[in-house]
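**Student:**
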Amino acid sequence: MHQPRTFLDNFFLVIKGLCMGAANKVPGVSGGIVAFVAGFYEEFIYSLQKLNSKAVKLFFNGRFKSFFRYTNAKFLGLLIFGMLVSYFSVSRILDYFLDHNEVFVWATFFGMVIGSIYHIGKDFAPWNKRTIPAGIIGFIIGISISFLNPAKENDNLFFVFFCGIVSVSGMTLPGLSGSFILILLGNYVLLLVDSVNALYDTFSEVFSGDFSFVKNSERIQILKILGVFTLGSVTGLVTFSHLLSYVLKHFKATTTAVLLGFITGSLGVLWPWKRTVFKVDEAGNPLLDSNGDKIILNYKRHLPQMAEAETWWAILFILLGILVLLILDWYGNNRKKNEQVRATR
Numbered sequence: 005m006h007q008p009r010t011f012l013d014n015f016f017l018v019i020k021g022l023c024m025g026a027a028n029k030v031p032g033v034s035g036g037i038v039a040f041v042a043g044f045y046e047e048f049i050y051s052l053q054k055l056n057s058k059a060v061k062l063f064f065n066g067r068f069k070s071f072f073r074y075t076n077a078k079f080l081g082l083l084i085f086g087m088l089v090s091y092f093s094v095s096r097i098l099d100y101f102l103d104h105n106e107v108f109v110w111a112t113f114f115g116m117v118i119g120s121i122y123h124i125g126k127d128f129a130p131w132n133k134r135t136i137p138a139g140i141i142g143f144i145i146g147i148s149i150s151f152l153n154p155a156k157e158n159d160n161l162f163f164v165f166f167c168g169i170v171s172v173s174g175m176t177l178p179g180l181s182g183s184f185i186l187i188l189l190g191n192y193v194l195l196l197v198d199s200v201n202a203l204y205d206t207f208s209e210v211f212s213g214d215f216s217f218v219k220n221s222e223r224i225q226i227l228k229i230l231g232v233f234t235l236g237s238v239t240g241l242v243t244f245s246h247l248l249s250y251v252l253k254h255f256k257a258t259t260t261a262v263l264l265g266f267i268t269g270s271l272g273v274l275w276p277w278k279r280t281v282f283k284v285d286e287a288g289n290p291l292l293d294s295n296g297d298k299i300i301l302n303y304k305r306h307l308p309q310m311a312e313a314e315t316w317w318a319i320l321f322i323l324l325g326i327l328v329l330l331i332l333d334w335y336g337n338n339r340k341k342n343e344q345v346r347a348t349r
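Each residue of the sequence shown is one higher than the one before, starting from 5 at the first, in the numbering used here.
Okay, structure coming up:
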């Protein structure tokens, strides 16, 4: 698992982290799909699983080299760096396009998920009486999630901690969108819009020498919520990784079948032709978040109008999304071949 990586490999790890961060931000898209398709899912899960009591002992005993080697820290560090950069760059660009070209964004991700289903499924051979029902169960769960109704916003810190645990599933479970789960829990705007923007504003003020935010009780409360959410996310990440590493080790074929079914079912969330339903007041006027943006409540799906030019552009973006995955598939196969050639020398 810990094969030496070239500078280019490390650079691509940061890019993959960028993609995971962006995917986790968009409701309906799973960062875990990026890990699965890009060929580092198992290494990601097993590396997270190494964040355990042994790692803590190595760190506090000052055995930093052993700690870095044991936890595969360079791999995780590059990925996490890419994700953090994404939250303040790529994800903001995505926010813009979701506001102005929503159908095309959904269409691109819809195509990418179709491509990922092909990528994962083409080499999956053991379809049998155990894996077929597992795949069907995964599909039913995946498509059922897309038709659930969201709850109301709740800033209770215990609930925010729970949101952190559940939402991080999008990084560890391909096909399960952490952002969409937050919409269902009612806290997407609070935790992935207001909190992230508050952190961004705070960093901007600190770098310019302005510390007035410490007297802003509303800002401090949002930062406290973000801190609890982050703690919940870390807890969920480590917990899920231990569970997934166990099932991948002992029930790999069945687990892969469930994930494949789940990803296929998640296409229901990503259907490009849908109308966004916004939260409204008693008079029917859209409610706005702290940035003046409308608050998403859910989505209503409809069939595309084939006579409209937008529909054909959306289909083109679906094909573009599929092409991106085919290129990733080609890159992954080439990398494996090059590693095999190097190993035989």
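Backbone N, C-alpha and C define an ideal beta-carbon position, used for all residues, glycine too.
1) Could you check whether residue 21 and residue 84 sit closer than 8 Å to each other, using their CB atoms as the reference points?
2) CA-CA distance, residue 15 and residue 86?
3) Around the Cβ of residue 341, are there at least 16 other Cβ atoms within 10 angstroms (buried) or fewer (exposed)?
4) Can you tell which of 278, 58 and 109 has its C-alpha closest to the C-alpha of residue 26?
5) Could you name the residues of the same chain whose beta carbon sits closer than 8 Å to that of residue 54, not counting the 5 residues immediately before and after it, in chain order?
6) Taking only the alpha-carbon atoms, compute the straight-line gap between residue 17 and residue 48 and give it to the nearest angstrom.
7) So for residue 227, helix, strand or coil by DSSP?
8) Thinking residue 206 and residue 235 are a contact (beta carbons under 8 Å), I'd like their distance in whole angstroms, please.
9) For residue 217, which residues of its own chain have a beta-carbon under 7 Å away from its beta-carbon, when the five flanking residues on both sides are left out?
10) Mind checking which residues open and close the beta strand (DSSP E) that includes residue 282?
11) If you compare alpha carbons, which of 120, 219, 72 and 35 is closest to residue 331?
12) Which residues in the same chain have their Cβ closer than 8 Å to the Cβ of residue 309, if we skip the five residues on either side of it in sequence?
13) Are the beta-carbon atoms belonging to residue 175 and residue 24 less than 8 Å from one another?
14) Might you give, ordered along the chain, the residues of its own chain that have their beta carbon closer than 6 Å to the beta carbon of residue 90, omitting 5 neighbours on each side?
15) According to DSSP, is residue 6 part of a helix, a strand, or is it coil?
16) Considering only their Cβ atoms, is the gap separating residue 167 from residue 233 smaller than 8 Å?
17) For residue 253, which option in 266, 50 and 204 has the closest C-alpha, if you only look at C-alpha atoms?
18) Secondary structure at residue 130, three-state DSSP: helix, strand or coil?
19) Note down, in chain order, each residue of its chain lying with its Cβ closer than 8 Å to the Cβ of residue 182, except the 5 sequence neighbours on either side.
20) Let me know the secondary structure DSSP gives residue 162 once reduced to three states.
21) Could you tell me which whole beta strand (DSSP E) segments of length 3 or greater appear in the stretch 50-136?
22) Pull up the distance between the alpha-carbon of residue 329 and that of residue 70, whole angstroms please.
23) Check whether chain D comes within 8 Å of residue 161, counting only Cβ atoms and requiring the distance to be less than that.
24) Just verifying my parser: in three-state terms, what is the DSSP assignment at residue 156?
25) Please report how far the alpha carbon of residue 6 lies from the alpha carbon of residue 72, in whole angstroms.
26) Of all the options 266, 305 and 107, which has the alpha carbon lying nearest to the alpha carbon of residue 313?
27) Tell me whether residue 264 sits in a helix, a strand or coil according to DSSP, three-state version.
28) Taking only the alpha-carbon atoms, compute the straight-line gap between residue 147 and residue 229 and give it to the nearest angstrom.
29) Determine the direct distance from the alpha carbon of residue 204 to that of residue 150, and round the result to whole angstroms.
30) Please report the straight-line C-alpha distance between residue 111 and residue 138, rounded to a whole angstrom.
31) Between the C-alpha atoms of residue 93 and residue 201, what's the straight-line distance to the nearest angstrom?
32) Assign residue 186 to one of three DSSP states: helix, strand, or coil.
33) What distance in whole Å lies between the Cβ atoms of residue 278 and residue 304, which are believed to be in contact at a cut-off of 8 Å?
34) Here's a check: name, in chain order, each residue in its chain whose Cβ is nearer than 8 Å to the Cβ of residue 338, leaving out the five neighbours to either side.
35) Based on DSSP bridge pairs, tell me the residues matched to residue 290.
**Tutor:** Put simply:
1) yes
2) 10 Å
3) exposed
4) 109
5) 74, 75 and 76
6) 11 Å
7) helix
8) Rounded, the Cβ-Cβ distance is 18 Å, inconsistent with contact.
9) 206, 209 and 223
10) 278-282
11) 120
12) 315
13) yes
14) 22, 25 and 26
15) Caution is warranted here: a pLDDT of 49 is assigned to residue 6, below 50, making its placement in the model unreliable, and the coordinate value is therefore given only provisionally. It is coil, neither helix nor strand.
16) yes
17) 50
18) coil
19) 28, 34, 35, 170, 171, 172, 173, 174 and 175
20) helix
21) none
22) 36 Å
23) Absent here is chain D; the protein component of the structure consists of one chain.
24) coil
25) Note on residue 6: pLDDT 49, under 50, position unreliable in the model; the coordinate value appears next. Roughly 11 Å between the two C-alpha positions.
26) 107
27) helix
28) 31 Å
29) 31 Å
30) 28 Å
31) 12 Å
32) helix
33) 6 Å
34) none
35) 284
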